[in-house]
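Structure first, then comments.
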Amino acid sequence: MADSEGAAPKRRVQVINGVPRVYEDYPYWDTDKKQCRHRRTYIGRLDEQGAFIPSKSYLAGQALSAVDAVKSAERRFYGAGYLLDHIGKVTGVEEDIAQSFPSMKDQIISLAYFLVQEGESAVYRFPRWMLSHWHRLTHALGSQGISRLFGSITEEAKLDFFRLQAKRRLEREYLAYDTTSISSYSELIKQVKYGHNKDGERLPQINLAMVFGEESGLPVYYRLLPGNISDISTMENMIADAAFLEFAKVKLVWDMGFFSARNVNALYHAHYKFIGGLHPDTTLACSSVKAVRDRLVHYANYIEADDVYCISTMINWDYAWSMRNGGEERGKRRMYVHVYYNEQRAAAERAQFNHDLTELKTAVQSGKATDAQLKRAQRLLTIKTTPVKGTRVEYNDEAIKQHTNDFGYFVLLSNDVKEGDKALECYRNKDLVEKTFNNLKNRLDFNRTLVSSVENLEGKLFVEFVALIYISYIHKVMKSRNLYRNYSIQSLLDELDVIERFDYQGQRARYSEITERQRQIYEAFGILAPDGKPSKTYKPETATATPAPEA
1 MADSEGAAPK RRVQVINGVP RVYEDYPYWD TDKKQCRHRR TYIGRLDEQG AFIPSKSYLA
61 GQALSAVDAV KSAERRFYGA GYLLDHIGKV TGVEEDIAQS FPSMKDQIIS LAYFLVQEGE
121 SAVYRFPRWM LSHWHRLTHA LGSQGISRLF GSITEEAKLD FFRLQAKRRL EREYLAYDTT
181 SISSYSELIK QVKYGHNKDG ERLPQINLAM VFGEESGLPV YYRLLPGNIS DISTMENMIA
241 DAAFLEFAKV KLVWDMGFFS ARNVNALYHA HYKFIGGLHP DTTLACSSVK AVRDRLVHYA
301 NYIEADDVYC ISTMINWDYA WSMRNGGEER GKRRMYVHVY YNEQRAAAER AQFNHDLTEL
361 KTAVQSGKAT DAQLKRAQRL LTIKTTPVKG TRVEYNDEAI KQHTNDFGYF VLLSNDVKEG
421 DKALECYRNK DLVEKTFNNL KNRLDFNRTL VSSVENLEGK LFVEFVALIY ISYIHKVMKS
481 RNLYRNYSIQ SLLDELDVIE RFDYQGQRAR YSEITERQRQ IYEAFGILAP DGKPSKTYKP
541 ETATATPAPE A
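The opening residue of the sequence shown carries number 1 in UniProt numbering; numbering runs sequentially from there.
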């Protein structure tokens, strides 16, 4: 005999010894007799007026049910997590994490949500956060569990994730490549070396190289480097990594610090397209500016949208590459050289130079100049010392004129883009990388490494990278929809985070009150609010309802 579980009982009345007894009728299918049967549970009686009087056993059972309902109820801040659920789906992050880290998906995604929502909060605060916020975990994850998670993230799984993400969005866009430094004083991390950061400070640090999709606005791949590695020496390894990760049709944008003849030849050898900046002191930059200086500043060469003058020319690059078998490839390769001049840039560079030159002269005259300042003073100043008049410092007008002659000029190279305006637009989009690094180091608690082993460092950095994809997507939408007029990233997340979700066993999820502003934020990201109701200004083409994930 077997009951049909979950069948709804019906309340009925039966008169027994003159007393109207109330019972609940539970129908079920008897598999032995192959017929429908009924089971009765008496729960009370009716009084003379027909009112229901429950029995003591029925009241006790109801009380226990109420306790169980409380135990199975959850109330959590949900609004920001709901937005992140949507981003995880449209970027493919959630699906790719599940494929690359099947046993760690919920832990990685939940930690990423914490890092995105809590800004600069340290990871050790995650256990407290998870008590009150929406996440994917069904069990507690303390500090030791987080450390074990970081140590369990393997290089193979990370590379698989990078490969999956790259296939989603790298067919047409250029990849911006850059590095940043992260200070660390851990003696157990072998990559920590003394090096100079972007501000010229010599500190113990590790370097981080990152590739960023310019059109998608999302980071694609990263690699840790020793802290004493220079930018220029990282390019070949990045090219090798791109081939290993099966990045198709690579188009690379790099800053002037990465330029060298060997790097350009490596890109030609790999058949990669590129746009790169030239340092103004390089021979190619100086000769390119000199060749067009007399005819550049004419309105026919003016690009109004960028407020620059530009002349683009095609040259033949002397390509040479040593093969592994001992042979050598040589030949001419087509390259476009774009020379630009901007008057505001020239004025700004001159103003900064004048300020620095005055400080330099003062330092030399006072005898407090550093070795670097003395080296520069030999080129720009004339220093005379006599027994009577002492040290006399004067400006070297000819050297200064030669030094300032190229202010306002800059040069880009490309083997792909022959139009100066398009090359400049693509190069300037590279600035997204700087914002990405700022988000990584400032918002995501990675300005100082707080781990003591290489394994935990690599694991923590990967979770930070996953969180960075969410942050970058939010930034892209906020910029395109003009949301920065009213919000920062943090204030937008805070605006949504106050929306609560109520989950009771056996019932549909409910949500706290949702304001018009909150609904409009969701619609800017292409979804409706959690309750599925549109704002007053809702346009069907800008948002579609997304069902809330199950608890």
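Just so it is clear, CB atoms sit at the ideal spot from N, CA and C, and this is done for glycine as well.
N- and C-terminal bounds of the beta strand (DSSP E) containing I53:
Unbroken beta strand (DSSP E) run through I53: F52 to P54.
Here's the rule: buried if 16 or more other CB atoms are within 10 angstroms of the residue's CB, otherwise exposed. What is G506?
Within 10 angstroms of the beta-carbon of G506 lie fewer than 16 other beta-carbons, which makes it exposed.
So, with DSSP's three-state summary, where would you put Q520?
Q520: helix per DSSP, three-state reduction.
In terms of residues, what are the limits of the alpha helix (DSSP H) holding P127?
That run of the alpha helix (DSSP H) goes F126 to W129.
Is the CB-CB distance between I303 and G420 below 8 angstroms?
Yes.
Measure the C-alpha to C-alpha separation of P27 and R11 and round it to an integer number of angstroms.
Roughly 12 angstroms between the two C-alpha positions.
Straight-line gap, K418 to A266 (C-alpha atoms, nearest Å):
Using only the alpha carbons, I get a separation of about 20 angstroms.
Can you tell me the Cα-Cα spacing of A320 and L424, whole angstroms?
Cα-Cα distance, rounded: 27 angstroms.
CB contact below 8 angstroms: L381 versus chain D
Going by chain labels, chain D is absent from the structure shown, which holds only one protein chain.
Tell me whether V339 is buried or exposed, calling it buried when 16 or more other Cβ atoms sit within 10 Å of its Cβ.
Counting C-beta atoms within 10 angstroms of its own C-beta, V339 has 16 or more neighbours from the protein chains shown and is therefore classed as buried.
Less than 8 angstroms separating the beta-carbons of F77 and D531?
No, the pair does not count as a contact, with Cβ atoms beyond the cut-off.
Bridge partner(s) assigned by DSSP for H133
Partner(s): F77.
What separation, rounded to the nearest whole angstrom, lies between the Cα atoms of A509 and S488?
When the Cα atoms are used, A509 and S488 turn out to be separated by approximately 30 angstroms.
In the DSSP output, which residue or residues are listed as bridge partners for Q35?
Paired residue(s): D30.
Would you say the stretch 315 to 332 touches the stretch 293 to 301, given that touching needs at least three Cβ pairs under 8 angstroms?
No: fewer than three Cβ pairs fall under 8 angstroms.
At 4 residues or longer, and completely inside the stretch 308 to 379: list those alpha helix (DSSP H) runs for me, N to C.
List check, alpha helix (DSSP H) in window: 343 to 366.
Within this structure, are the beta carbons of M478 and L492 separated by less than 8 angstroms?
Yes; because the gap between Cβ atoms is below 8 angstroms, this pair is in contact.
L149 and S100: beta carbons closer than 8 angstroms?
The Cβ atoms of L149 and S100 lie no closer than 8 angstroms to each other.
Measure from the alpha carbon of N342 to the alpha carbon of each residue in D178, Y409 and V93, then state which is nearest.
Out of D178, Y409 and V93, Y409 has the C-alpha closest to the C-alpha of N342.
What would DSSP say about G88, mapped onto helix, strand or coil?
Note: G88 maps to helix in three-state DSSP.
Should Q144 be counted as a contact of the ligand SAH given a C-beta to heavy atom distance under 7 angstroms?
What this structure holds is no ligand at all, so the ligand SAH is not there to describe.
Kindly provide the ranges of any beta strand (DSSP E) runs that are 3 or more residues long and lie completely inside the stretch 207 to 271, ordered along the chain.
Annotation note: the stretch 207 to 271 contains the following uninterrupted beta strand (DSSP E) runs of length 3 or greater, listed N- to C-terminal: 219 to 226 and 251 to 254.
Starting from I16 and walking both ways along the beta strand (DSSP E), at which residues does that stretch end?
Counting along the chain, the beta strand (DSSP E) containing I16 begins and ends at K10 to I16.
Rounded C-alpha distance that separates Y113 from A166:
The alpha-carbon atoms of Y113 and A166 are separated by roughly 22 angstroms.
Can you check which of these residues, L225, L252, T179 and A305, is closest to E215 by C-alpha distance?
Looking at the Cα atoms, L252 is the closest of the given residues.
Spatially closest choice to T382 from Q365, A372 and D371, by CA coordinates
The option with the nearest alpha carbon to T382 is Q365.
Return the chain-ordered list of same chain residues with a C-beta closer than 8 angstroms to the C-beta of M314, the five sequence neighbours on each side being excluded.
Around M314: R334, M335, Y336, V337 and K418.
Buried or exposed for Q14, going by 16 or more other Cβ atoms inside 10 Å?
So Q14 counts as exposed.
Can the beta-carbon of G276 be found closer than 8 angstroms to that of L413?
In this structure, L413 lies closer than 8 angstroms to G276 by Cβ.
Spatial distance of H139 from E495 (CA atoms):
Approximately 27 angstroms, taken between the alpha carbons.
What are the boundary residues of the alpha helix (DSSP H) that includes Y409?
Note, Y409: premise wrong, no alpha helix (DSSP H); beta strand (DSSP E) at Y409 to S414.
Considering only residues of the same chain and omitting the five flanking positions on each side of Q117, which have a CB-CB separation below 6 angstroms?
Around Q117: A80 and L493.
Do D106 and R125 have their CB atoms nearer than 8 angstroms?
Taking 8 angstroms as the cut-off, the Cβ atoms of D106 and R125 do not count as close.
How far does the alpha helix (DSSP H) with G420 in it extend, from its first residue to its last?
For G420, the enclosing alpha helix (DSSP H) stretches over residues G420 to R428.
Report the option in D255, I97 and H475 whose CA atom is closest to the CA atom of F161.
For the residues D255, I97 and H475, the minimum Cα distance to F161 belongs to I97.
List the whole-angstrom C-beta distance separating T180 from L224, where the pair is believed to meet the contact cut-off of C-beta under 8 angstroms.
Not really, about 11 angstroms apart at Cβ, beyond 8 angstroms.
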